[in-house]
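Note sheet for the following structure.
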Amino acid sequence: MHSASRRSLKVLATTLAATIALAIPAAASAAPRPAVPKPAEACAKNAAPPAPVDTSEKPAPGQASPAPLPVPAQPVGGARMGECGTVVPADVLNPPDGVTAASWVLQDLDTGNVLAAKDPHVRERPASLIKTLLALVAVTELKPEQPITVTKEDAEQECTCVGIEAGEQYTVDQLLHGLLMHSGNDVAHALATALGGVDATLAKMNGLAARVGATDTRAATPSGLDGPGMSTSAYDLSLIFHYAMKQPEFAKAVATKQYELPGSNGKPAIPILNDNKLLGVYPGFLGGKTGFTDDARHTYVGAAQRDGKRVAIVLVRAEQQPTPVVSQASKLLDYGFALEKVKADPVGKIDYQAPATAGTEESSGKAGGTNVANAAAGGTAAKDAFGTTGWVITVLVFLIIAGGFAVGYQRKKTQAEQNR
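Residue numbering for the sequence shown follows the working numbering, beginning at 23 and increasing consecutively.
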């Protein structure tokens with residue numbers, strides 16, 4: 023080969039080597055760098071709820087207590103959601119004093135941004151807040167006007183009870199109001215019976231929890247009464263409530279202050295008053311749910327709207343002294359709206375996977391689904407559709423083609439000189 027041709031090939035090889043050397047580091051640096059979260063194991067309280075104070079979680083004879091749910095390697099909702107203690111944005115005022123809850127989460131109910139939190143993924147017990155999950159199963163599988171006949175077992179559940187009577191019929195919508203407004207355990211059992219029985223309903227509730235991404239949650243009873251393996255977290259209850267408030271039947275029921283179930287056998291109607299004391303008192307309150315058991319202590323979820331923003335609060339394992347739980351919720355809602363007003367950076371994201379048909383708006387991430395959540399919670403950034411590797415290959419192909427033209431041109435030039 024002519025020396026000029028060899029020089030051209032050498033230049034081409036050197037250029038290709040340099041391009042590859044530059045392109046590969048560029049590909050590495052251009053690729054999204056996942057956030058390095060604080061390991062969930064670093065928060066020792068994450069694994070299981072505190073020991074029960076009574077025998078309510080003792081398994082049936084011959085059955086073992088369920089093992090604690092596995093702790094994800096990376097906290098759902100972003101790195102900071104794996105932290106213990108108070109989790110707040112930088113350079114903002116601390117949360118209000120007087121909050122007795124062991125864990126709590128404040129979220130923007132529209133975007134899913136977690137505004138502030140305390141021990142968000144620490145496992146606790148939900149008490150009657152698990153009825154939110156039961157309600158979601160009911161509105162998914164049962165029609166609002168579908169009649170349900172109450173059994174003797176339904177009517178004789180451990181109360182709190184609404185007072186439904188065995189042998190009487192009520193619609194699903196009527197029972198939902200009793201379930202969510204007054205936390206009726208009798209109503210919870212009646213809905214579970216209609217859904218195939220307690221065991222089948224628990225399987226459906228836990229299946230839905232898994233599908234929406236509630237990794238800390240395991241329902242042991244449909245009503246929220248304590249049972250073996252019962253588990254949730256403030257984060258999961260926030261996630262479930264975020265999804266529930268998208269369901270019109272649920273949002274309508276929790277926002278209803280007074281309701282009546284029809285009476286039976288000539289008896290008067292059964293009045294139901296919403297036991298959420300912020301409804302009609304806190305400006306812009308949208309509704310929520312309360313709960314209590316000896317093991318769970320007080321639990322609470324509620325939401326309000328102000329200046330075009332919707333903020334929700336979940337508290338778990340709270341006490342009524344020295345400050346009532348609803349007052350604690352009110353203070354935290356005020357704090358959430360204050361964070362919204364100053365546009366404080368979120369500390370995480372409500373990252374649920376909407377259990378919708380593939381291709382729908384929610385399953386594609388456009389309505390608060392996983393894609394939106396990952397982009398805003400310290401997750402990986404969206405990738406270039408063409409990809410870094412594609413650009414490297416394109417550059418290499420271009421240089422090879424250009425080199426071919428250069429070698430061909432040099433050969434023609436050499437041949438022309440020899441023919442002179």
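Using N, Cα and C, we set each Cβ at its ideal position, and we do this for glycine too.
Everything numeric in this text was worked out from a predicted model, so none of it was measured.
What is the DSSP secondary structure of residue 214, reduced to helix, strand or coil?
If DSSP states are grouped into helix, strand and coil, residue 214 belongs with the helices.
Proximity of residue 226 and residue 161 at Cβ, strictly below 8 Å:
Their beta carbons are not under 8 Å apart, which means residue 226 does not touch residue 161 by this criterion.
Classify residue 243 as buried or exposed, calling it buried when 16 or more other Cβ atoms lie within 10 Å of its own Cβ.
With 16 or more Cβ atoms within 10 Å of its Cβ, residue 243 is classed as buried.
Should the region 276 to 291 be called in touch with the region 343 to 363, which here means at least 3 C-beta pairs below 8 Å?
Using a Cβ-Cβ distance cut-off of 8 Å, the region 276 to 291 and the region 343 to 363 are not in contact, since fewer than three pairs of beta carbons, one from each stretch, lie closer than that value.
Leaving out the 5 sequence neighbours to the left and right, which residues in its chain are closer than 6 Å to residue 300 when beta-carbon positions are compared?
Taken in chain order, the residues that qualify are 307, 324 and 348.
Rounded C-alpha distance that separates residue 393 from residue 374:
Its pLDDT being 35, under 50, residue 393 is placed unreliably by the model, and the measurement read from it follows with that caveat. C-alpha separation (whole angstroms): 10 Å.
With a CB to CB cut of under 6 Å and the five nearest residues on each side skipped, what residues in its chain are close to residue 216?
Result list for residue 216: 170, in chain order.
Could you give the first and the last residue of the continuous beta strand (DSSP E) run that contains residue 313?
If you look at residue 313, you'll find it in the beta strand (DSSP E) that goes 307 to 315.
Would you tell me roughly how many angstroms separate the C-alpha atoms of residue 395 and residue 163, rounded to the nearest one?
Legend: pLDDT at residue 395 = 36, less than 50; position of this residue unreliable, value from coordinates given subsequently. If you draw a straight line from the Cα of residue 395 to the Cα of residue 163, it is about 27 Å long.
Report the partner residues of residue 337 according to the DSSP bridge assignment.
126 and 322, per the DSSP bridge assignment.
Return yes when the Cβ of residue 313 is within less than 8 Å of the Cβ of residue 205, no when it is not.
Going by C-beta atoms, residue 205 is nearer than 8 Å to residue 313.
Best match in 191, 229, 203 and 228 for proximity to residue 212 [C-alpha to C-alpha]
Among 191, 229, 203 and 228, the Cα nearest to that of residue 212 is on 191.
Secondary structure at residue 291, three-state DSSP: helix, strand or coil?
Residue state for residue 291 is assigned as coil, using DSSP reduced to three classes.
For the region 253 to 273 and the region 135 to 150, state whether three or more C-beta atom pairs, one from each stretch, are separated by less than 8 Å.
With a cut-off of 8 Å, the region 135 to 150 and the region 253 to 273 count as touching, because enough Cβ pairs lie within range.
Which term fits residue 311, buried or exposed, when burial requires 16 or more other beta carbons within 10 angstroms of its beta carbon?
Classification for residue 311: buried.
DSSP on residue 150, reduced to helix/strand/coil?
Looking at residue 150 - three-state DSSP - the assignment turns out to be helix.
Taking 6 Å as the limit between beta carbons, can you name the residues of its chain near residue 261, skipping five residues before and five after?
A distance below 6 Å between beta-carbons, with the five flanking residues on each side excluded, links residue 261 to the following residues of its chain, in chain order: 236, 372 and 374.
Please report how far the alpha carbon of residue 110 lies from the alpha carbon of residue 72, in whole angstroms.
Near 25 Å, if we compare the C-alpha coordinates of residue 72 and residue 110.
For a test of the three-state rule: what should DSSP assign to residue 51, helix, strand or coil?
Summary for residue 51: the model assigns pLDDT 33, below 50, so the residue's position carries little reliability, and this model does not support an answer.
Note down, one range per segment and in chain order, each alpha helix (DSSP H) of at least 4 residues found wholly within the region 215 to 297.
Taken in chain order, the whole alpha helix (DSSP H) runs of length 4 or more contained in the region 215 to 297 are 220 to 234, 256 to 266 and 270 to 276.
Report yes or no: do the region 92 to 100 and the region 323 to 343 share at least 3 C-beta pairs separated by less than 8 Å?
Pairwise C-beta distances place the region 92 to 100 out of contact with the region 323 to 343, as fewer than three of them are shorter than 8 Å.
How far does the alpha helix (DSSP H) with residue 357 in it reach, from first residue to last?
Note, residue 357: alpha helix (DSSP H), 347 to 363.
Closest by C-alpha distance to residue 265, when choosing among 248, 132, 361 and 77
Per the Cα distances, 132.
Assigned exposure category for residue 202 - 16 Cβ within 10 Å defines buried
So residue 202 ends up on the buried side.
If you count every other CB in all the chains shown that lies within 10 Å of the CB of residue 343, and 16 or more means buried, which is it?
By the C-beta density criterion, residue 343 is exposed, having fewer than 16 other C-beta atoms within 10 angstroms.
Would you mind giving the Cβ-Cβ distance between residue 445 and residue 326, rounded to the nearest angstrom? I have them listed as a contact below 8 Å.
Since the first residue shown for the chain is 23 and the last is 442, residue 445 is missing from the structure and cannot be characterised.
Decide if residue 105 is buried, meaning its Cβ has at least 16 other Cβ atoms within 10 Å, or exposed.
Buried, because 16 or more other Cβ atoms sit within 10 Å of the Cβ of residue 105.
DSSP three-state call for residue 301: helix, strand or coil?
DSSP, read as helix, strand or coil, puts residue 301 in coil.
Note down the Cα distance separating residue 114 from residue 196, rounded to an integer number of angstroms.
Residue 114 and residue 196: Cα-Cα distance of roughly 44 Å.
Taking a contact to mean a Cβ-Cβ separation below 8 Å, would you say residue 90 touches residue 70 in this structure?
Yes, Cβ-Cβ distance for residue 90 and residue 70 is below 8 Å.
Tell me, to the nearest whole angstrom, how far the beta carbon of residue 340 is from that of residue 146; I am working on the premise that it is less than 8 Å.
The beta-carbon distance between residue 340 and residue 146, rounded to whole angstroms, is 10 Å. This is too long to meet the 8 Å contact definition.
Report yes if the C-beta distance between residue 93 and residue 116 is below 8 Å; otherwise report no.
The Cβ atoms of residue 93 and residue 116 do not sit closer than 8 Å to each other.
Using the beta-carbon count (16 or more within 10 Å), is residue 208 buried or exposed?
Classification for residue 208: buried.
Taking the beta carbon of residue 77 as the centre, do at least 16 other beta carbons fall within 10 Å, making it buried, or is it exposed?
Under this definition residue 77 is an exposed residue.
Extent of the continuous beta strand (DSSP E) run through residue 82
Looking at the DSSP string, residue 82 is not in any beta strand (DSSP E), and its letter there is neither H nor E.
Near residue 173, what residues of its chain come up, given a Cβ to Cβ distance below 7 Å and the 5 sequence neighbours on each side ignored?
So the qualifying residues of the chain are 188 and 215.
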